[in-house]
Structures are given as structure tokens and as C-alpha cells.
Amino acid sequence: MYAQGLIGADGKTGESPEFLEAFQKRIDAEEKIEPNDAMPEGYRKTLIRQIGQHAHSEIVGMLPEGNWITRAPSLKRKAALLAKVQDEGGHGLYLYSAAETLGVSREQMTEELHSGKAKYSSIFNYPTLTWADIGIIGWLVDGAAIMNQIPLCRCSYGPYARAMIRVCKEESFHQRQGYEIVMTLAQGTPAQREMVQDALNRWWWPVLMMFGPHDSDSQHSDQNMAWKIKRFSNDALRQKFVDATVPQGEYLGLTFPDPELKWNEEKGGYDFGPIDWDEFWRVVKGGGVMNRDRIRDRKAAWENGAWVREAALAHAEKRRQRAAEAAPIAAE
Ligand SMILES: [Fe+2]
Ligand SMILES: [Fe+2]
């Protein structure tokens with residue numbers, strides 16, 4: 034039997050070795066952990082941090098592409114991009130809701146994003162300079178997101194795992210629309226080919242950084258694997274991504290900006306050159322081209338949307354009052 038706790042219960046009462054062992058047994062048996070279940074405080078905090086960062090990434094990720102909606106080259110492209118950016122907003126909302134089941138509020142998470150305390154994926158701190166960037170983002174950034182997120186469909190925390198199933202289906206549409214843009218440009222005029230090659234050159238290394246530091250430098254990795262929050266290591270996912278993506282680029286006659294990229298028959302995968310971790314940390318710490326703009330835009334969106342939140346709350350309160358007047362007993 035497992036003790037049942039309230040949402041946000043500190044869990045400390047239960048953190049005896051027996052409690053931790055019983056919890057681990059549930060995880061090992063592939064049982065899903067649900068919001069009202071007792072859970073170690075470390076498990077709860079790790080998930081709040083991870084799901085919160087994931088939600089922020091979806092929401093901030095709307096900015097670099099939203100910037101191109103009005104400049105999409107055709108009605109078809111505009112409709113697809115609009116749908117994609119709206120999907121990302123939806124992903125953010127599912128994920129904020131999933132995090133809220135762990136006892137954190139949406140306001141707290143937003144506050145942490147705005148103050149810089151909470152991170153989001155650093156890939157969104159790079160600028161989108163041409164239309165080809167929109168194709169490359171769909172193909173590579175959403176492609177990397179899929180690699181990261183498919184294993185999360187089997188994450189031990191139920192609400193997160195379930196949200197990921199729908200998110201992954203939508204991500205695969207995003208990736209295809211991106212690849213189709215890239216394909217069109219790669220088969221287009223010399224200027225279009227050059228534009229898409231330039232975009233690939235700029236995005237390739239930042240995309241490889243999306244999988245996070247090498248396993249040897251990654252904190253908390255073992256505990257998260259044991260808790261089945263994480264199912265594959267950063268390096269394993271990065272390798273899978275490179276192996277899946279390089280043939281797709283070669284098919285279009287594109288080249289990757291890595292002289293060391295080479296098929297390795299023995300390991301059955303590609304070898305690739307070293308990642309510039311100094312750049313990675315510089316951008317994570319706020320030194321990317323777009324860090325400041327992204328947070329400024331998110332803050333403005335939050336402030337400009339205050340009246341919508343107030344109106345929605347006032348409306349809900351009015352409805353509650355009306356229901357109470359109509360059926361005073363049922364409302365009690
Ligand atoms: Fe997404
Ligand atoms: Fe996406």
C-alpha cells in the first residue's frame with residue numbers, strides 16, 4: 034500500500050527508505066504516477082522544473098516563427114505555418130496544466146520565465162533571417178523535439194506522458210511541413226538553393242546542442258533515468274537524430290557544415306565533429322542574439338493580455354453567482 038498525499042504535499046513525511054523503495058517498485062513495474070499519489074519531493078521538483086521548461090519552450094518557440102506568418106510566400110504556406118504556431122501554443126497550455134497537477138501555479142511559472150529563473154530551449158535565442166529558416170526549423174528543430182519527446186510518451190508521470198502523445202502527433206506534422214519547404218527550396222532556383230543551404234549551415238550546430246550536454250557532464254541524469262522521467266541519454270538521442278537526419282539532407286543534395294561528419298560502418302552510425310559547448314553555455318546564460326527580445330516579447334504578451342484574464346475571471350465569477358442563485362442548495 035502507498036500513502037496517498039494531497040497535491041503539493043511536501044512528501045517529507047514519507048521519505049523513509051521504505052517509502053522510496055516502494056515508490057521505485059511502482060516505477061519499475063511501469064505503473065504511472067498520478068497527481069494525488071505520494072511521491073518523493075525530488076521527483077516532484079524535477080518534474081515541475083522539466084515540464085515548466087518544456088512549456089516555456091513551446092510558448093517562446095512561437096516567436097521566431099510567428100515573425101514569418103505575415104511574410105509566408107503563399108496562402109498555403111501561411112495557413113500551414115499559422116496552424117503550426119497555434120499548435121505550439123496548445124502544447125504550452127497542455128504542459129502548463131500538467132505542471133499545475135504537481136502543485137505549482139501558472140503564475141509562478143510565468144514569473145520564473147520572466148525573471149530569467151526558469152530556462153527555455155536555447156534554440157529559440159537564434160534569429161530567423163530568411164524564409165528558408167522556417168523550413169529548416171520545422172525539419173530540424175521539430176525533428177529534434179520529436180526525438181526528445183517520443184520517449185516522454187512513456188514517462189512515469191501520467192499527465193506528462195499523456196500530453197506527449199498528442200504533442201508528438203502534431204510535431205510530426207510540423208516536421209513534414211518543414212521538410213517540404215526545404216525540399217521545394219532545394220529543388221528551386223540557384224538563389225533558393227543557396228538560401229536553404231545557408232539556413233542549414235546556421236542551424237545545424239545549435240540543433241545538435243538541443244539534446245543538452247554530453248552524458249558525462251549532465252547532472253541528475255542517473256536519478257532521472259531510474260525514475261523513468263528520462264528514458265535515453267542525451268548522447269544516445271543526439272546520435273539517433275544525426276543518423277536519421279543526414280540521409281534526408283543528402284537526398285536533397287544539401288551539405289552539413291561539419292567536415293568530420295562521416296558514416297562509421299563499425300558502429301552503424303555517423304561520426305561527427307565536436308560541439309562548441311562555450312557557445313551553448315553563452316546562449317543558455319543569456320548571451321544569444323535574441324535572448325533579450327524573446328523575454329521582452331513574452332512579458333509584453335503577458336501584460337497586454339491581462340485584461341483577457343481579468344475578463345475571463347469576472348465572467349466565471351458571474352456564472353458561479355448565477356448558478357448559486359438559481360440552485361442555492363446544489364451550489365453549496
Ligand atoms: Fe511543440
Ligand atoms: Fe512543433
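The letter at position 166 of the sequence shown is residue 199 when you use this note's numbering, and the numbering goes up by one with no holes.
Virtual Cβ for every residue (Gly too), placed ideally from N, Cα, C.
- Restricted to the region 102-188, the alpha helix (DSSP H) segments that are unbroken, complete and at least 4 residues in length are 108-133, 139-148, 164-169 and 175-182, listed in chain order.
- Shortest gap from the CB of Asp-175 to any heavy atom of ligand 2: under 7 Å.
- Secondary structure in the region 295-340: the alpha helix (DSSP H) runs of 4 residues or longer, each lying completely within the stretch, are 310-315 and 324-337 in chain order.
- Here Asp-309 is exposed: its Cβ has fewer than 16 other Cβ atoms, across all protein chains shown, within 10 Å.
- For Ile-66, DSSP records a beta bridge to Tyr-190.
- Between the beta-carbon of Ser-189 and that of Ile-66 there is about 5 Å, and that keeps the pair under the 8 Å contact cut.
- Per DSSP, Pro-239 is one residue of the alpha helix (DSSP H) stretching across 223-242.
- Gly-125 is the residue among Asp-166, Gly-125 and Trp-164 whose C-alpha sits nearest the C-alpha of Leu-146.
- Judged by their CB atoms, Tyr-153 and Ser-90 are nearer to each other than the 8 Å cut-off.
- Within the chosen limit of 7 Å, ligand 2 reaches the beta carbon of Glu-204 through at least one heavy atom.
- Pairing Met-142 with Gln-182, the inter-Cα distance amounts to about 21 Å.
- Here the distance from the Cβ of Ala-88 to the nearest heavy atom of ligand 2 is not below 7 Å.
- The Cβ atoms of Gly-171 and Ile-214 sit closer than 8 Å to each other.
- By alpha-carbon distance to Arg-77, the top candidate from Pro-192, Ala-178 and Met-95 is Pro-192.
- For Arg-271, the enclosing alpha helix (DSSP H) begins and ends at 267-284.
- The Cβ atoms of Glu-64 and Glu-48 lie no closer than 8 Å to each other.
- With respect to the C-alpha of Gly-282, the residue from Ala-334, Pro-97, Arg-59 and Asn-234 having the closest C-alpha is Asn-234.
- Secondary structure of Gln-256 (DSSP, three-state): helix.
- Pairing Ile-167 with Leu-108 gives a Cβ-Cβ distance that is not under 8 Å.
- The C-beta distance from Gln-210 to Lys-117 rounds to 6 Å, short enough to fall under 8 Å.
- Contact between the region 222-242 and the region 119-138 is absent, with fewer than three C-beta pairs closer than 8 Å.
- When the five nearest sequence neighbours on each side are left out, the beta carbons in the same chain lying within less than 6 Å of the beta carbon of Met-323 are those of Asn-158 and Pro-160, in order along the chain.
- By the C-beta density criterion, Ile-156 is buried, having at least 16 other C-beta atoms within 10 angstroms.
- In the DSSP assignment, Arg-264 falls outside any alpha helix (DSSP H), carrying neither H nor E.
- For the pair Lys-351 and Trp-340, the Cα-to-Cα distance works out to about 16 Å.
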